[in-house]
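Protein sequence lines correspond, in order, to chains A, B and C.
Taken in order, the first sequence gives residues 129 to 290; the numbers are from my numbering.
Taken in order, the second sequence gives residues 709 to 903; the numbers are from my numbering.
Taken in order, the third sequence gives residues 56 to 273; the numbers are from my numbering.
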Amino acid sequence: MRKSSVIYLLIMLLLASFSEVYGQGHPARRGRNVRENMFVLRTLRMTQALDLTEAQTAVIFPELNRAEKEKAQLQANLAGEIRDLRQIINKDKVTDKEYEERVAKILDLRERIKRRESEFEKFLFTQLTSAQKARYIIFDIDFNRGMMERMGRARLAGKENK
Amino acid sequence: MMKADEERELIELARRGGVEAFMQLVREHEHRILQLTYNLTRNREDAADLTQETFLQAFRAIKDFKGNSSFLTWLHRIAVNLSLNFLKKHQRASNYLEDIDSLEEKGRGGELVEAEGIPSVEDSWLSQELRTNLEKALEELPLAFRATFSLVVQDGMSHKEAAEVLGCSENTVSWRMHEARKMLKKKLQPFLSIE
Amino acid sequence: MKCEQAQKLISDRLDGKLGWWGRKRLDRHLTACEVCRDYLLSQEIIQREALKIGEAEYPPEWWRQFEQALKEKIIQSTPAEEVIGVPSGQVEINKTTDKKRRSWAFKPYALRAVSLLVVVGGVLFLIIYIGRSKNEELPLPLVLSYEDSYFNLSQILAEDEEAASNLARSLEEAILQETIFSGSEGEFLDIDYYYETDNRPIQPEDLQIENINSEEGL
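Following this line, the structure appears as structure tokens:
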């Protein structure tokens with residue numbers, strides 16, 4: 129069996145243990161959502177881009193999944209807070225205090241996401257060679273760009289089908 | 709066809725203001741650029757204007773041409789941008805009827821010569837119907853898809869070359885071609901099923 | 056192989072982009088799928104007809120006039136001191152423009168400063184408005200972190216369920232490509248075989264999950 133297939137199955141097994149995060153509040157949910165798919169694809173591509181050894185994946189993957197679990201939860205909370213903020217913004221009977229509280233919550237969540245991401249990257253870099261660190265930087269930029277392009281295509285495809 | 713080093717020399721001269729050097733570059737590439745603008749606009753006058761504007765802009769901007777891509781690719785990029793901006797502004801409806809009229813003029817000694825687009829008695833009616841509707845369908849494609857299709861199919865570019873011109877990735881070009889083909893097939897289905 | 060995938064391969068093949076393995080896989084699918092054989096035939100017809108339309112030829116005299124008009128416009132629109140190689144009587148010849156001192160020597164620096172301001176302004180514009188653009192071509196992110204990119208993406212997709220569904224499907228396909236389709240020759244795994252050995256094949260309604268999740272963040 130090929131290395132990428134092994135890694136794929138490993139990721140799926142680990143993902144299965146985090147189903148309570150991705151499926152939060154929706155017990156009838158099946159399949160994977162965008163966040164999950166992005167995580168799987170990013171992990172697969174990162175493994176290839178950095179040419180990680182099995183020993184490295186054995187150490188990195190558990191921490192990667194822990195970080196993903198926390199960040200996914202934080203992102204879901206952040207999206208919820210922003211959705212709520214959109215609904216109340218500029219409405220009457222919303223006090224300054226309430227605005228301040230909501231804004232503080234959102235900023236705090238953003239900060240925590242950034243911090244967790246940074247923590248994981250610091251850990252990751254303790255496991256990589258210098259060349260792998262350099263490849264990670266390029267991979268990160270290319271992946272983010274590719275994801276925005278992919279989203280652009282997904283939006284266009286939606287418009288064209290109308 | 710001009711050699712690469714000959715072209716480089718001419719570009720260098722043109723950079724320093726050499727009009728004659730630039731005109732040699734124009735003569736080398738004008739046919740392809742005009743074909744591109746015509747494929748996109750489907751109107752002779754507009755195509756000629758846009759081609760002229762492409763070369764004007766190229767002369768003004770040639771000092772900034774760094775040679776990271778080929779000169780032709782750079783010209784293509786200017787031509788595509790100008791054409792798409794033009795189309796967006798004018799929201800031109802299908803011109804294929806105008807072109808059909810001008811083609812009929814041809815047979816009576818009109819000044820321009822059309823290559824294989826002249827409806828002849830040898831063309832089957834079905835094939836002509838398909839071609840007429842294909843022109844219309846191409847014009848109705850969203851601009852990004854239209855530009856991509858034109859560059860790849862009508863201009864014969866590879867996905868990589870088209871990606872350079874359009875400033876996107878090869879994957880995006882590949883995806884756009886697939887989507888454009890699906891859209892064209894959907895629109896042309898009635899004419900394809902009776903071929 | 057699903058027909059949607061085969062039809063994508065057909066498109067790549069028509070553009071000369073399909074490699075050996077892709078051709079083998081496509082041929083195998085085509086021997087068994089009449090729908091895709093018809094699709095290939097239709098696309099070949101469209102391709103052939105597209106090449107025929109729009110081939111315009113202009114007579115030599117037209118080109119002479121075009122070049123003359125272009126040359127005149129270039130000369131008229133360009134400052135005299137920047138033009139060389141034009142017969143005297145029309146414009147003064149200056150063969151060494153780069154040696155000539157301009158009285159407004161500071162201008163290049165001013166231009167550079169303005170360009171820098173424009174670039175910085177453009178960067179800030181992209182960063183601030185990246186999630187709100189409704190244009191067809193989204194501006195590409197600069198060096199954003201993965202989580203920043205994801206956040207922008209999720210905000211856009213929260214308002215566009217169809218795009219979210221399309222994106223989820225696209226990512227699924229990309230994952231399959233990574234694990235099944237890519238790789239060196241001789242290591243090819245048949246996608247149909249893979250699905251048969253999976254516990255549960257992916258159903259189309261699975262990809263509708265984005266409608267449910269969009270409010271909670273993606």
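All residues carry an ideal CB built from backbone N, CA and C; glycine is no exception.
CB contact check: residue i to chain C, cutoff 8 Å
i        : result
Met174/A : no
Lys814/B : Low local confidence applies: a pLDDT of 40 at Lys814/B is under 50, so the model's placement there is unreliable, and no value is given.
Met731/B : yes
Glu720/B : no
Leu213/A : no
His798/B : no
Gln862/B : yes
Spatial distance of residue i from residue j (CA atoms)
i        : j        : result
Thr840/B : Lys893/B : 14 Å
Ile719/B : Lys771/B : 9 Å
Asp82/C  : Arg92/C  : 10 Å
Ala183/A : Gln255/A : 10 Å
Leu859/B : Met865/B : 6 Å
Gly71/C  : Ser882/B : 11 Å
Lys890/B : Gln210/C : 29 Å
Glu89/C  : Leu284/A : 29 Å
Leu192/A : Gln203/A : 16 Å
Val162/A : Glu277/A : 15 Å
Ser225/C : Asn776/B : 32 Å
Tyr205/C : Ala223/C : 13 Å
Glu196/A : Phe167/A : 8 Å
Ile265/A : Leu169/A : 17 Å
Ala87/C  : Met885/B : 25 Å
Trp782/B : Tyr113/C : 24 Å
Asp67/C  : Glu226/A : 55 Å
Leu900/B : Leu838/B : 7 Å
Arg156/C : Gln120/C : Caution is warranted here: a pLDDT of 45 is assigned to Arg156/C, below 50, making its placement in the model unreliable, and the coordinate value is therefore given only provisionally. Their backbone Cα atoms lie some 36 Å apart in a straight line.
Ser220/C : Arg194/A : 26 Å
Segment limits, alpha helix (DSSP H) that includes residue i
i        : result
Gln203/A : Glu182 to Ile216
Ser204/C : Tyr201 to Leu212
Cys88/C  : That residue, Cys88/C, is in no alpha helix (DSSP H); it is neither H nor E in DSSP.
Tyr746/B : Val727 to Thr749
Leu231/C : Glu216 to Leu231
Cys58/C  : Cys58 to Leu69
Lys223/A : The identity of residue 223/A in the sequence shown is Thr, whereas the question assumes Lys. Where Thr223/A is concerned, there is no enclosing alpha helix (DSSP H), given that its DSSP letter is neither H nor E.
Asp757/B : Arg752 to Ala769
Val788/B : Phe779 to His798
Ser882/B : Glu878 to Leu900
Gln176/A : Val162 to Leu178
Val861/B : Segment: none, Val861/B is in no alpha helix (DSSP H) and carries neither H nor E.
Candidates the options, of which the one nearest residue i by Cα
i        : options                                   : result
Lys233/A : Leu252/A, Phe251/A and Leu213/A           : Leu213/A
Glu728/B : Gln123/C, Arg80/C, Lys63/C and Pro114/C   : Gln123/C
Ala200/A : Ser220/C, Ala223/C and Glu202/C           : Glu202/C
Ala845/B : Glu104/C, Ile130/C, Glu116/C and Lys79/C  : Glu104/C
Lys261/A : Gln215/A, Glu164/A and Thr175/A           : Thr175/A
Arg723/B : Phe773/B, Glu714/B, Asn793/B and Val734/B : Phe773/B
Leu748/B : Leu795/B, Leu874/B and Arg884/B           : Leu795/B
Gly208/A : Glu239/A, Ser246/A, Arg230/A and Gly274/A : Arg230/A
Leu252/A : Glu164/A, Arg194/A, Ile188/A and Leu172/A : Ile188/A
Leu742/B : Trp118/C, Ile65/C, Thr86/C and Arg68/C    : Trp118/C
Glu843/B : Trp75/C, Ile108/C and Ala213/C            : Ile108/C
Ile130/C : Ala787/B, Phe730/B and Phe899/B           : Phe730/B
Lys797/B : Phe763/B, Leu851/B, Thr759/B and Glu872/B : Leu851/B
Thr133/C : Gly725/B, Leu874/B and Glu738/B           : Gly725/B
Phe763/B : Arg750/B, Met710/B, Arg735/B and Cys876/B : Arg735/B
Ser200/C : Ser246/A, Met279/A and Gly280/A           : Ser246/A
Thr745/B : Gln732/B, Gln760/B and Leu733/B           : Gln760/B
Min CB distance residue i to chain A below 8 Å
i        : result
Trp782/B : no
Ser66/C  : no
Thr856/B : no
Thr880/B : yes
Ala124/C : no
Glu59/C  : no
Glu887/B : yes
Glu227/C : yes
Phe121/C : no
Closer than 8 Å to chain B by CB, residue i
i        : result
Glu214/C : no
Arg281/A : yes
Ser97/C  : yes
Ala285/A : yes
Lys72/C  : yes
Ser325/C : Any answer about residue 325/C is impossible in this case: the structure gives chain C only from 56 up to 273.
Glu277/A : yes
- Task: Give the residues from the segment 100-115 of chain C that approach chain F closer than 9 Å (Cβ to any Cβ), ordered along the chain.
- Result: The structure shown contains no chain F; the protein chains it does contain are A, B and C.
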